[in-house]
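In this note's numbering, the protein residues as written are 382 to 836. Where a beta carbon is used, it is the ideal one built from N, C-alpha and C, also for glycine. Everything below concerns the one structure shown next.
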């Protein structure tokens, strides 16, 4: 194989992998020096000249001229008689430069060089991918879905394979081959010898931040800043925003005219509900805002606990709003504020409820204390939570919380049945009293009749 053909083959591989000329030249020099070392044992007395314009390469072997029969190293030295065959004016201690043809290395060595070159190109490609996507962590990329697996989806972006794992997928999403998918680069992992694995995500909080940057110019320009995002992907999210310009309303900027801006984000997130909250340094006010649409009437903090807790009192009719479906609202509010929030009912004087202390005859004292610590100081406050949410917040098992809910429900069912009975049937004492009165009247009438007969 001629050197021109070999270099052309190398250059074609490099073009496919988008390797620049300077890098190609360095790789070629390393590959050919490897060939030289394999044949001669060393490469110190060789020069490689690469001509990128015509794709030619020359390997020059430099040897010192010595007297005949004085050669100690045939790689670095040449006998005078042999040097004179090349040119008749060489003398001892002169240097002889001779050209080595590619064909002299043999077919097997050339094939090994080609494999080495491909491997070097692959290594460079891996390095480039790792470097490129490491700089894109936290940024949005758009790729094409080309393969769906049981627990992951493969996406092509600029001829690079990206991995969308199960935990990075919104559970409502449905993927088809050929669909364009938007996600954020979550992390880039690389193990020695393996290609880097680029993981993308649609569930990361930063994905919402980047989507708002695309839709809201004020955020992109830095006038409005997203301070914090908390999500339950596919269901609900809370976004705290602040404006650095008094003339710009941060919530209004994010929502847009008739909700045009936020609706674009919601559609991308499979109709995930987004609450945009004005950020404030006032802890009390921020906790109140985080529980919207509920309107708390009082907030108390206990920073000595770990995690710190906030006791929030809300009107009794808004407890369900504060907690949210399945406890979503209170969980997100707790995460975005940094306080574990316990919701207490603001009980009106005429409202029927049962204090949790009244269940001490059927519930252990430590269970009652755990319920009180999370704001469940009455039976109705307990019933506002599901068994799973009650278990998560109190630390009890779900089996225990299910029994507690049954007990609370039974308490109100018994009270209701008793109230209905009182309305339908007269009280027992009243019935006995009426019967007694009838007996007395009858007895009195008999005595009057006997008296009349006696007279």
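**Which of helix, strand or coil DSSP assigns to residue 416** = helix
**Prompt:** Does the Cβ-Cβ distance between residue 682 and residue 718 come in under 8 Å?
**Reply:** no
**Prompt:** Going by the beta-carbon positions, is the gap between residue 596 and residue 610 smaller than 8 Å?
**Reply:** no
**Prompt:** Does the distance from the CB of residue 502 to the CB of residue 565 come in under 8 Å?
**Reply:** no
**Message:** So, at 6 Å on beta carbons, what are the nonlocal neighbours of residue 678 in its own chain, with the 5 sequence-adjacent residues on each side left out?
**Reply:** 694, 727
**Prompt:** On the three-state DSSP scale, how would you describe residue 430?
**Reply:** strand
**Prompt:** DSSP on residue 469, reduced to helix/strand/coil?
**Reply:** coil
**Item:** residue 692 in three-state terms, based on DSSP
**Value:** strand
**Request:** From the DSSP output, read off the bridge partner residues of residue 760.
**Result:** None; residue 760 has no bridge partner.
**Prompt:** Considering only the beta carbon of each residue, do residue 605 and residue 599 sit closer than 8 Å?
**Reply:** yes
**Prompt:** With residue 786 and residue 743 assumed to form a contact (beta carbons below 8 Å), what rounded beta-carbon distance in angstroms separates them?
**Reply:** Going by Cβ atoms, the distance from residue 786 to residue 743 rounds to 13 Å, so no, they are not a contact pair.
**Message:** Short of 7 Å in beta carbon distance, which residues of its chain neighbour residue 765, apart from the five on each side in sequence? Order them along the chain.
**Reply:** 700, 701, 704
**Euclidean distance between Cα positions of residue 461 and residue 412** = 32 Å
**Asked** With DSSP run on the structure shown, which of helix, strand or coil describes residue 444?
**Response** strand
**Prompt:** Short check: CB of residue 622 to CB of residue 631, under 8 Å?
**Reply:** yes
**Asked** Can you tell which of 422, 440, 421, 423 has its C-alpha closest to the C-alpha of residue 430?
**Response** 440
**Message:** Determine whether the beta carbon atoms of residue 691 and residue 720 lie at a separation below 8 Å.
**Reply:** yes
**Message:** Taking 8 Å as the limit between beta carbons, can you name the residues of its chain near residue 490, skipping five residues before and five after?
**Reply:** 416, 419, 420
**Request:** Report all residues from its chain with a CB closer than 7 Å to the CB of residue 707; omit the five preceding and five following residues, and keep chain order.
**Result:** 767, 770
**Request:** Can you give me the Cβ contacts of residue 814 inside the same chain, cut-off strictly under 7 Å, excluding the 5 residues immediately before and after it?
**Result:** In this prediction, residue 814 scores a pLDDT of 39, lower than 50, which makes its location untrustworthy; the coordinate-derived value is nonetheless stated afterwards. Hits under 7 Å: none found.
**Request:** Pull up the distance between the alpha-carbon of residue 552 and that of residue 710, whole angstroms please.
**Result:** 19 Å
**Message:** Let's see if you can read the secondary structure: which residues bound the alpha helix (DSSP H) around residue 494?
**Reply:** 488-515
**Item:** Boundaries of the alpha helix (DSSP H) in which residue 586 is found, first to last residue
**Value:** 586-596
**Asked** Touching or not, the region 471-481 and the region 440-458, by the rule of three or more beta carbon pairs under 8 Å?
**Response** yes
**Prompt:** On the three-pair Cβ rule with 8 Å, is the region 772-785 touching the region 741-759?
**Reply:** yes
**Request:** Pick helix, strand or coil for residue 551, following the three-state DSSP scheme.
**Result:** coil
**Message:** Alpha carbons only, please: which of 671, 791, 508, 469 is nearest the one belonging to residue 335?
**Reply:** Only positions 382 to 836 of the chain appear in the structure, and residue 335 is not among them; the question remains open.
**Prompt:** With 16 as the cutoff for other CB atoms within 10 Å, does residue 534 come out buried or exposed?
**Reply:** buried
**Message:** Please classify residue 389 as buried or exposed, where buried requires at least 16 neighbouring CB atoms within 10 angstroms.
**Reply:** exposed
**Request:** Inspect the CB distances between the region 543-561 and the region 492-500 and report whether three or more fall short of 8 Å.
**Result:** no
**Item:** Runs of alpha helix (DSSP H) wholly within the region 653-699 (minimum 4 residues, chain order)
**Value:** 664-671
**Prompt:** First and last residue of the beta strand (DSSP E) that includes residue 564?
**Reply:** 561-570
**Asked** Three-state secondary structure (DSSP) at residue 393?
**Response** helix
**Asked** CA-CA distance, residue 809 and residue 741?
**Response** Below a pLDDT of 50, predicted positions are generally treated as unreliable, and residue 809, at 43, falls in that range; no measurement from the model is reported.
**Message:** Taking only three categories from DSSP, how would you classify residue 474?
**Reply:** coil
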